[in-house]
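K.L.:
Chains as they are written, first to last, in the numbering used here: chain A, 160 to 487; chain B, 10 to 309; chain C, 746 to 1072. Glycine included, every Cβ here is placed at the ideal spot set by N, Cα and C. Model, not experiment: these values are computed from the prediction.
Structure, rendered in structure tokens:
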């Protein structure tokens, strides 16, 4: 119990730190957007009062208040889910961000699961055939594919498979002619559009899981309880899945956190190029137009998503491996 | 400083170099990686003397590879190969510098935390855990956007390198701390303590040599991460224009060419492959670099 | 009489351990109220079965472990209250030759780098070059010749005997007044042991170092400490202390008697005649469940009622110190 509380506090602190960072960037950094806006309004001849009202609407920052009050008000509105308004259209930042979030979560989760499954399976196979041709080829392929930046893989897939050879759609998260709903039509359209971006993630990240699973399995295969199981005459297949597999997979959960961070990181570029309507694409547009409230909103949501997923992963991991709980 | 002393020091460095090369040669994958990296370094620092970079637009837009333009021309008619060659230097400097800074900070914090322990350890690790969870690349994008919005036109390589390391050091710090905790209990550390050697010597003179294989490997991998982030930021198009920067080339390729069929595929391929090949070289070399420090291999 | 070099006053060390992952924490008294003295240039052998607390006592004397209670004195002063220069002087003068030669040297550093740091730290050598030269001389002193063959080597390339010699060289490099040899020859091949023991004796005579020589082997203790004293330890307490030859020819404490009769005799006929050691039971009690009263009473063939109730004190008997009610 105490351990969960500790992790929860960590998560909360991380999110708090991110909010503070964005406040600093928006308000306190030299040459920050709010100052620039003020200057711009002054140049345009907009009266002071109006300018401040605009800024308050955009950022939830009331310039008439002392510093610490601005900070607190900012945090307060964030906690209420109000992230200000976008500069381009005036619509709520929270709305824009929330529209994209489910798409990104869908894409990221699916990619992570597929990449994990492929990697873990290949890893175990490679460990059992250690030193053989399969192992050497697979390990080299894993190393090399890991070196590929995921956005470059996305670029190549997009260019060759979608544009040159028109095998897959090049834009969008679903065919806009189809009405959204739980129909087979819609779902298959979504999957069809998600395929290439997903491949970009999967191809560049399965290698990590494979190599980790391989070394973990090799270590477990050397343990006494495996030899004992074989001596008891258990079938190889049963040993592999029940004993070896379960124990070898456990340490991999610890790197879930890093994997998540990495995937969310690349999402901006990949979604922008594929015009896939996720948080990444929203962020890309925001960056392009220098829409600071929107930029900050996207960053915060991404951070919250990563922190929450880490937290869930930690809890799942602790349920699976009792040593973690006792060790604390 | 007698001449004989200078000669013997140079001789010992040459001997170490020879040993290092011999060890690398034995591992095919690491050797490939090493050669790739050396190749890039040569191109980056010597190439510009052989190839001129002319940034003025010409009418020969998006030409396919030819004798005059071995890798073709970009949407403005400029030679792609020249841009790649001239951009290599900045890429390598920023990448390696960022890798070095990341590793330096991560190792320092990890060693301090692991050896000193107690309250310092608790505080440092709490900070590290938090930094570890903040998504690095999104944060970089935000910082870059804000910096550029506030008028910063160019980022000097050292500053860029420091920014790239802002969150990257955390993972390494944790890993190094675990290793230090284990090494601390070794008998040779107790021996050093009994001899009365200073804490400074124990951390940097006894523990550090045992961490070197891991640190060297992580230096390579951190450079990979830094290049990933650096190119990524540029590819977003945040920076208006930087001559020959590979990330900017990618951005231009995707903006002008990426959505049109049949034309200018080398615009997309050339910078992409240049980046990927460099990353592959670094990863391959990183797998074997720890061998360089293995005492069993260092002697015949 | 001058102050003894190293002394312990009722020093006790308690460890708190968990016997299993879910079990309760138990206290282990590894060293139980031990008072010993070692004078300058004196050899004291510390003998006992494995796990009786000898190594712990050695490390307490070197201030590598802090006593739970009691004092460790260097030249009459409490080691743990020494500060600054005085502590630095103590550190320099109290060195160790540990048991495992394979792990006592840093595997990632060459032999020369293992020997030069203390020389430079204590300014025994004034430059790297001088330190290197001195390292070579040290190697020659311990029988590794020519030194150039060894200075640039890594520990992985050297044999156990060579590594132990280097460990000894490292210990004497700072010219300590006191050395703890903790089972220094136990991990070496039998054929090497005499050589290393002779080397240690040689160096002891040359530099007049005081030694705490820890071992579980009576034969080795007798060889090394033949001109000095021997202390016998059981489950954390000292049971007998006296001049080596006297103790061996005429052991007073029942435990000492049993240990001496257990020393293997090469001649099978004599061995058979000697028979089994006079013990009630061969089981050594665990340190987590120490017998009350005299710790030895569960195995002592002469045990009487008082032995189960009161722990005996270390008293002077016939020119020695013995802890037994029956003397």
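Which partner residues of residue 987 of chain C appear in the DSSP bridge assignment?
P.N.:
Bridge partners of residue 987 of chain C: C/975.
K.L.:
Can you have a look at residue 400 of chain A and say buried or exposed, based on whether 16 or more other CB atoms are within 10 angstroms of its CB?
P.N.:
Label assigned to residue 400 of chain A: exposed.
K.L.:
Can you give me the C-alpha to C-alpha distance between residue 485 of chain A and residue 772 of chain C, rounded to a whole angstrom?
P.N.:
Confidence in residue 485 of chain A is poor, its pLDDT being 48 and thus under 50, which makes the residue's placement unreliable; the coordinate value appears in the next sentence. The straight-line gap from Cα to Cα measures roughly 21 Å.
K.L.:
Are the C-beta atoms of residue 826 of chain C and some chain B residue less than 8 Å apart?
P.N.:
It does not: the Cβ of residue 826 of chain C has no partner Cβ on chain B nearer than 8 Å.
K.L.:
Keeping to the same chain, check which residues put their C-beta closer than 7 Å to that of residue 1047 of chain C; ignore five residues upstream and five downstream.
P.N.:
Closer than 7 Å at the Cβ level, and outside the excluded window around residue 1047 of chain C, lie 999 and 1071.
K.L.:
Going by CA-CA distance only, name the one from C/906, C/929, C/885 and C/859 that's closest to residue 897 of chain C.
P.N.:
With distances taken between Cα atoms, residue 897 of chain C lies closest to C/859.
K.L.:
Check whether the stretch 272–281 of chain A and the stretch 365–374 of chain A are in contact - that is, three or more C-beta pairs closer than 8 Å.
P.N.:
Contact holds: three or more Cβ-Cβ distances are below 8 Å.
K.L.:
For the stretch 35–44 of chain B and the stretch 287–301 of chain B, state whether three or more C-beta atom pairs, one from each stretch, are separated by less than 8 Å.
P.N.:
Result yes; three or more Cβ-Cβ pairs closer than 8 Å.
K.L.:
For residue 56 of chain B, collect the residues of the same chain with a Cβ closer than 6 Å to its Cβ; drop the 5 residues on either side in sequence, then sort them by chain order.
P.N.:
Result list for residue 56 of chain B: 94, in chain order.
K.L.:
Inspect the CB distances between the stretch 172–179 of chain B and the stretch 107–121 of chain B and report whether three or more fall short of 8 Å.
P.N.:
Touching, per the Cβ criterion.
K.L.:
What residues of chain A sit near residue 296 of chain B, judged by a beta carbon separation below 9 Å?
P.N.:
By Cβ distance, chain A contributes 302.
K.L.:
Would residue 100 of chain B count as contacting chain A if we go by Cβ distances under 8 Å?
P.N.:
No, its Cβ sits nowhere closer than 8 Å to a Cβ of chain A.
K.L.:
Which of the three DSSP states, helix, strand or coil, is assigned to residue 815 of chain C?
P.N.:
Strand.
K.L.:
Near residue 809 of chain C, what residues of its chain come up, given a Cβ to Cβ distance below 7 Å and the 5 sequence neighbours on each side ignored?
P.N.:
Result list for residue 809 of chain C: empty, nothing under 7 Å.
K.L.:
Based on the DSSP output, what are the partners of residue 1061 of chain C in its beta bridges?
P.N.:
According to DSSP, residue 1061 of chain C bridges with C/1066.
K.L.:
At what residues does the alpha helix (DSSP H) containing residue 267 of chain A begin and finish?
P.N.:
252–287 is the extent of the alpha helix (DSSP H) around residue 267 of chain A.
K.L.:
Quick one: does residue 203 of chain B have its CB under 8 Å from some CB of chain C?
P.N.:
Chain C, which has a Cβ nearer than 8 Å to the Cβ of residue 203 of chain B, makes this yes.
K.L.:
Taking its Cβ as the centre, do 16 or more other Cβ atoms sit within 10 Å of residue 292 of chain A, making it buried, or is it exposed?
P.N.:
Exposed, by the Cβ-count rule.
K.L.:
Of all Cβ atoms in chain B, is any one closer than 8 Å to the Cβ of residue 169 of chain A?
P.N.:
Closer than 8 Å: yes.
K.L.:
Give me the residue from A/469, A/218, A/385 and A/428 with the minimum Cα distance to residue 6 of chain B.
P.N.:
The requested residue 6 of chain B does not occur in the structure, where chain B is confined to residues 10 to 309.
K.L.:
What did DSSP end up calling residue 771 of chain C once you bin it into helix, strand or coil?
P.N.:
Three-state result, residue 771 of chain C: strand.
K.L.:
Using a Cβ cut-off of 8 Å (strictly closer), state whether residue 239 of chain B contacts chain A.
P.N.:
So, not an interface residue.
K.L.:
Quick check: the Cα distance between residue 238 of chain A and residue 455 of chain A, rounded to an integer number of angstroms?
P.N.:
Their Cα atoms are separated by approximately 14 Å.
K.L.:
On the CB-based measure, 16 or more other CB atoms within 10 Å of its CB, does residue 402 of chain A come out buried or exposed?
P.N.:
Buried: at least 16 other Cβ atoms inside 10 Å.
K.L.:
Note down, in chain order, all residues in the stretch 31–64 of chain B with a beta-carbon under 7 Å from any beta-carbon belonging to chain C.
P.N.:
So the list is empty, because no residue satisfies the distance condition.
K.L.:
Relative to chain C, which residues along the stretch 217–248 of chain B have a C-beta separation below 8 Å, given in chain order?
P.N.:
Flagged, chain order: 218, 219 and 221.
K.L.:
Would you identify the three-state DSSP class for residue 466 of chain A, choosing helix, strand or coil?
P.N.:
Reduced to three states, the DSSP call for residue 466 of chain A is helix.
K.L.:
Among residues of its own chain, excluding the 5 on either side of residue 964 of chain C, which ones have a beta-carbon nearer than 6 Å to its beta-carbon?
P.N.:
So the qualifying residues of the chain are 1008.
K.L.:
Output yes if chain B places a C-beta closer than 8 Å to the C-beta of residue 812 of chain C; else output no.
P.N.:
No, residue 812 of chain C does not count as interfacial toward chain B.
K.L.:
Helix, strand or coil: which one does DSSP assign to residue 1043 of chain C?
P.N.:
Three-state result, residue 1043 of chain C: coil.
K.L.:
Quick check: is the beta carbon of residue 449 of chain A nearer than 8 Å to any beta carbon in chain B?
P.N.:
Taking Cβ atoms only, chain B reaches closer than 8 Å to residue 449 of chain A, which makes this a yes.
K.L.:
Rounded C-beta distance between residue 124 of chain B and residue 189 of chain B? I'm assuming under 8 Å.
P.N.:
At roughly 6 Å, the Cβ-Cβ gap stays under 8 Å, so residue 124 of chain B and residue 189 of chain B are in contact.
K.L.:
So which residues on chain B does residue 427 of chain A lean against when the C-beta distance must stay under 9 Å?
P.N.:
Under the 9 Å cutoff, chain B gives 146, 147, 150, 241 and 245.
K.L.:
What is the residue span of the alpha helix (DSSP H) that residue 861 of chain C lies within?
P.N.:
Start and end: 856–866.
K.L.:
Could you check whether residue 270 of chain A and residue 360 of chain A sit closer than 8 Å to each other, using their CB atoms as the reference points?
P.N.:
Yes.
K.L.:
Give the straight-line distance between the Cα atoms of residue 868 of chain C and residue 921 of chain C, rounded to the nearest whole angstrom.
P.N.:
Near 14 Å, if we compare the C-alpha coordinates of residue 921 of chain C and residue 868 of chain C.
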